[in-house]
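Dropping the structure here:
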């Protein structure tokens, strides 16, 4: 099934907001799907920014919800999860992958 990348990201954000007990600030699509260089087998690279810190249960819930969309659209969502505080104050948040995704990605 072929579907617009931005539609999938929008659906992911709505699903996360509906099913999670944590606040989702943004979902950012980046990488080959956004750049138009994706092949048929390319994954969907997304950064999920949460308002607060999260635990392993929340991470698992997010991965399970991504998997629901994987099955629905026959795709693979590769999700990086980070909190707003972690993004602003940690070494991990300074990684070029995050800064590039936030600068050049499709943010919703």
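Residue numbers (this note's numbering): 409 to 516. Ideal Cβ placement from N, Cα and C applies to all residues, glycine included. This structure is a prediction, so every number in the text was calculated from the model and none was measured.
Quiz item: Of the residues 516, 437, 472, 458, which one's Cα is nearest the Cα of residue 494?
Solution: The shortest Cα separation from residue 494 among 516, 437, 472, 458 belongs to 458.
Quiz prompt | Beta-bridge pairing of residue 437 - partner residues as DSSP gives them | solution = Its beta-bridge partners are 454, 514.
Quiz item: Among 502, 466, 484, which one has its Cα closest to the Cα of residue 447?
Solution: Nearest to residue 447 by alpha-carbon distance, out of 502, 466, 484, is 484.
Quiz item: Taking the alpha carbon of residue 472 as the point to measure from, which residue in 414, 412, 427 has its own alpha carbon closest?
Solution: The shortest C-alpha separation from residue 472 is found at 427.
Quiz item: According to DSSP, what are the bridge partners of residue 491?
Solution: Under DSSP, residue 491 takes part in a beta bridge, and its partners are 458.
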